[in-house]
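Protein chains in written order, with this note's numbering: chain A, 1 to 167; chain B, 1 to 353.
Just so you know, even glycine gets a beta-carbon here, dropped at the ideal spot from N, CA and C.
These figures come from a predicted structure and were not determined experimentally.
Report on the structure given below.
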C-alpha cells in the first residue's frame, strides 16, 4: 500500500491484540496524505488521533486527527507537538460528540518507506501512557511512512507496545 | 463485529403491517365489500328466483401469515377467500361461480375486474389506487366428494382450457408458516421474510412479473431459513438474535439453488420453489429467463451488501450500506449512538523523531 503515489485508498483496518479491530477510514487517510514525507523538503508532521470505542465489541473507529498547528516545531527528523492547541480540539470534539469521540493516541510522519519507531519515539510513547489522562487501557501510535502507514497499540498497565497487523 | 441488530429491529418495526384483524381501517373496508357481496348475491339470485348461494369467508394472504409489509406505492391489498358451498362438479365452468361475485360487486367502485385467480375491487383516491380487495373464489371442501378445496381460475373471456378448478389450500399454507417455528425463532423467521419483501419492493420494477412474488420469497424463506443467534452468556443461556446472519444464510441458499435446465438445445437457469401445499406449483414460474437472471443478479447484490455490512468496523457505514439496498426505512445511527461514552482526556506535549 502506498500513500505517496496518490493512489486512492479506501481504508485501513488493523487487528488488535484482543480480537477487536481499528479502522482508519478514507477521510482520515486523505487528511494525512499531504504530510507524507515523500520529498526531501517535507519536514515531520504529527498530531493527535481521536475516535470511537464501538459499543458491545472491541472495535475502534478513528474519526478525527489533528494536524500541525501554531506552537508545534517540525524538522526533517523531529516533530514537537505543543499540548495546548491540540488539547483544545480534543475537548471540543469530545463534547460535540456526546463524549464519544475520545483521545486515542498520536500520529507522526517518518521519511522512510516502512516506518518503525525510533528509540525516542518508544520513550515518548511509554511516557505518554503514564502521564496522559485517558479513559481506556490503551493508546495507539501511528507512524506514516512514505510507502506504509503502521500502527502500534500500547497497553497502559503493562507498558508493552505491540505492532498491529493489517486485516 | 459492529452490532446492528438494533437497526434491523427498527427497520422491521417501520415496515411491518399488523395482522389484518388489528388494522381497523382495512377490516372496515373488507366488511363493506362483504356486505355489498351479500346484498348483491341476494338481489341477483332472487331476481332469477333461485336460492341465494351460501359461502364461508376467511382472510388469506400475507396478513394472515403475519408477513405483510407496508406498500411503497401506498396500494394496500386485502385478500379475502370466499368459499361457496357448492360442489365443483356441479359447475363445469368455474368462471360461472366467479361471475356471482363479479356481478354482485360490479359498479361498487369505478374499477372492478375479474382477474384469473380472483375478482379485484380497486379503491381510488385522487386518481391513485389507495387499496384493492382481492376476492379469491373457492368451491368449499365440505361439498366436494374428495373433501378438497378448489380455487376457481379463469377470466370472463378465457378459453375453456384456461378455466379450471385448482386444488388449493390457502389455510393450510397459513398454518404451515405460522407453525414452522415457535417463540422468538418464529419472530426472526417473519423478520427475514419482511426484510426480503421490502428489498424486493425497493429493487425491482413493479410492473408485470419483473419482481419475484412476495409469496415466493415467503416460501423460499420457509424452505431455507434457520434461526441465527449469537451466544452472549453461556451461563444464563442468553442469545442475541442476528438477523443479518439469518438473511445471509437464506439469500446464499437461494442463490445456490438456481439450477440450469436443459431442453432440446436451449438452457435456462431458474430458481424453482414449490408451494408446500396444494397446488404445489412453482411460485416463480411466471418469471421469464431474463427476469430470473435479474433476480439472481439482485440476490447477489443483496448478499454482497450483507457481507460488506458484516465485515464493516464502523456501524454507521454498515447501516449506510444496508440503507442503499433496503431503502430509507433502514435507519442509520448517529456516530455518537454507536460508541461508548468516555471520560475527559488530558494530553501532554509530545516529541517524536
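Residue j beta carbon less than 7 angstroms from that of residue i
{"i": "residue 168 (chain B)", "j": "residue 50 (chain B)", "result": "no"}
{"i": "residue 69 (chain B)", "j": "residue 30 (chain B)", "result": "no"}
{"i": "residue 254 (chain B)", "j": "residue 270 (chain B)", "result": "no"}
{"i": "residue 103 (chain A)", "j": "residue 134 (chain A)", "result": "yes"}
{"i": "residue 45 (chain A)", "j": "residue 35 (chain A)", "result": "yes"}
{"i": "residue 191 (chain B)", "j": "residue 243 (chain B)", "result": "yes"}
{"i": "residue 130 (chain B)", "j": "residue 151 (chain B)", "result": "no"}
{"i": "residue 73 (chain A)", "j": "residue 340 (chain B)", "result": "no"}
{"i": "residue 347 (chain B)", "j": "residue 83 (chain A)", "result": "yes"}
{"i": "residue 104 (chain B)", "j": "residue 118 (chain B)", "result": "no"}
{"i": "residue 272 (chain B)", "j": "residue 263 (chain B)", "result": "no"}
{"i": "residue 151 (chain A)", "j": "residue 314 (chain B)", "result": "no"}
{"i": "residue 162 (chain A)", "j": "residue 17 (chain A)", "result": "yes"}
{"i": "residue 299 (chain B)", "j": "residue 251 (chain B)", "result": "yes"}
{"i": "residue 245 (chain B)", "j": "residue 228 (chain B)", "result": "yes"}
{"i": "residue 122 (chain B)", "j": "residue 108 (chain B)", "result": "no"}
{"i": "residue 59 (chain B)", "j": "residue 20 (chain B)", "result": "yes"}
Reduced DSSP category for residue i - H, G, I as helix; E, B as strand; rest coil
{"i": "residue 84 (chain B)", "result": "strand"}
{"i": "residue 155 (chain B)", "result": "coil"}
{"i": "residue 5 (chain A)", "result": "In this predicted model, residue 5 (chain A) has a pLDDT of only 49, less than 50, meaning its place in the structure is not dependable; the value taken from the coordinates is given anyway. Of the three classes helix, strand and coil, the one that applies to residue 5 (chain A) here is coil, per DSSP."}
{"i": "residue 340 (chain B)", "result": "coil"}
{"i": "residue 4 (chain B)", "result": "coil"}
{"i": "residue 15 (chain A)", "result": "strand"}
{"i": "residue 218 (chain B)", "result": "helix"}
{"i": "residue 183 (chain B)", "result": "helix"}
{"i": "residue 72 (chain A)", "result": "coil"}
{"i": "residue 42 (chain B)", "result": "helix"}
{"i": "residue 114 (chain B)", "result": "strand"}
{"i": "residue 160 (chain B)", "result": "helix"}
{"i": "residue 124 (chain B)", "result": "strand"}
{"i": "residue 59 (chain B)", "result": "strand"}
{"i": "residue 200 (chain B)", "result": "helix"}
{"i": "residue 108 (chain B)", "result": "coil"}
{"i": "residue 22 (chain A)", "result": "strand"}
{"i": "residue 357 (chain B)", "result": "The question about residue 357 (chain B) has no answer here: the residues shown for chain B are numbered 1 through 353."}
{"i": "residue 193 (chain B)", "result": "helix"}
{"i": "residue 345 (chain B)", "result": "coil"}
Candidates the options, of which the one nearest residue i by Cα
{"i": "residue 23 (chain B)", "options": "B:63, B:13 and B:47", "result": "B:63"}
{"i": "residue 112 (chain A)", "options": "A:24, A:15 and A:42", "result": "A:42"}
{"i": "residue 86 (chain B)", "options": "B:55, B:74, B:80 and B:108", "result": "B:55"}
{"i": "residue 11 (chain A)", "options": "A:20, A:61 and A:163", "result": "A:61"}
{"i": "residue 351 (chain B)", "options": "A:86, A:122, A:99 and A:80", "result": "A:80"}
{"i": "residue 159 (chain B)", "options": "B:197, B:148 and B:94", "result": "B:94"}
{"i": "residue 19 (chain A)", "options": "A:157, A:25 and A:58", "result": "A:58"}
{"i": "residue 360 (chain B)", "options": "B:74, B:143, B:320 and B:324", "result": "The question about residue 360 (chain B) has no answer here: the residues shown for chain B are numbered 1 through 353."}
{"i": "residue 171 (chain A)", "options": "A:106, A:90, A:100 and A:131", "result": "What the structure shows of chain A is the stretch from 1 to 167, and residue 171 (chain A) is not part of that stretch, so it cannot be assessed."}
{"i": "residue 108 (chain A)", "options": "A:87, A:159 and A:67", "result": "A:67"}
{"i": "residue 171 (chain B)", "options": "B:155, B:188, B:199 and B:141", "result": "B:141"}
{"i": "residue 65 (chain B)", "options": "B:27, B:176 and B:81", "result": "B:176"}
{"i": "residue 182 (chain B)", "options": "B:226, B:196, B:213 and B:28", "result": "B:226"}
Residue i beta carbon near the ligand ADP (any heavy atom closer than 6 angstroms)
{"i": "residue 260 (chain B)", "result": "Absent from the structure shown: the ligand ADP. Ligands present: none."}
At a CB distance below 8 angstroms, what residues from the segment 319-351 of chain B approach chain A? Give them in sequence order. 335, 336, 338, 339, 340, 341, 342, 343, 344, 345, 346, 347, 348, 349, 350 and 351
Scan the segment 136-158 of chain A for residues whose Cβ lies nearer than 8 angstroms to a Cβ of chain B and list them as they occur along the chain. 136
Of all the residues that make up the segment 217-250 of chain B, which are near chain A by a beta-carbon distance shorter than 8 angstroms? none
To be precise: take each residue of the segment 118-135 of chain A, compare its Cβ to all Cβ atoms of chain B, and keep it if any distance is under 7 angstroms. Which residues remain? 118, 120, 121, 124, 128, 131, 132, 133, 134 and 135
Closer than 7 angstroms, Cβ to Cβ, to anything on chain B: give me those residues from the segment 83-104 of chain A, in chain order. 83, 86, 87, 90, 94, 97, 98, 99, 100, 102 and 103
With 7 angstroms as the limit, tell me which residues of the segment 285-316 of chain B have their beta carbon closer than that to any beta carbon of chain A; keep them in chain order. 313, 314 and 315
Only counting runs of 4 or more residues, tell me where the alpha helix (DSSP H) segments fall wholly within the segment 25-70 of chain A, in order along the chain. 26-32
Identify every run of the beta strand (DSSP E) within the segment 74-162 of chain A, keeping only runs that are complete inside it and at least 3 residues long; order them along the chain. 78-81, 102-109, 138-144 and 149-155
Counting only runs that start and end within the segment 224-299 of chain B, where is the alpha helix (DSSP H) found for 4 or more residues in a row? 243-256
Going along the chain, which residues of the segment 130-159 of chain B sit with their C-beta nearer than 8 angstroms to a C-beta in chain A? none
Quick one, which residues of the segment 50-61 of chain A are near chain B if we go by CB-CB under 7 angstroms, in chain order? 52, 53, 54, 55, 56, 57, 59 and 61
Which residues, in order along the segment 38-49 of chain A, keep a beta-carbon less than 8 angstroms from a beta-carbon of chain B? 44, 46 and 48
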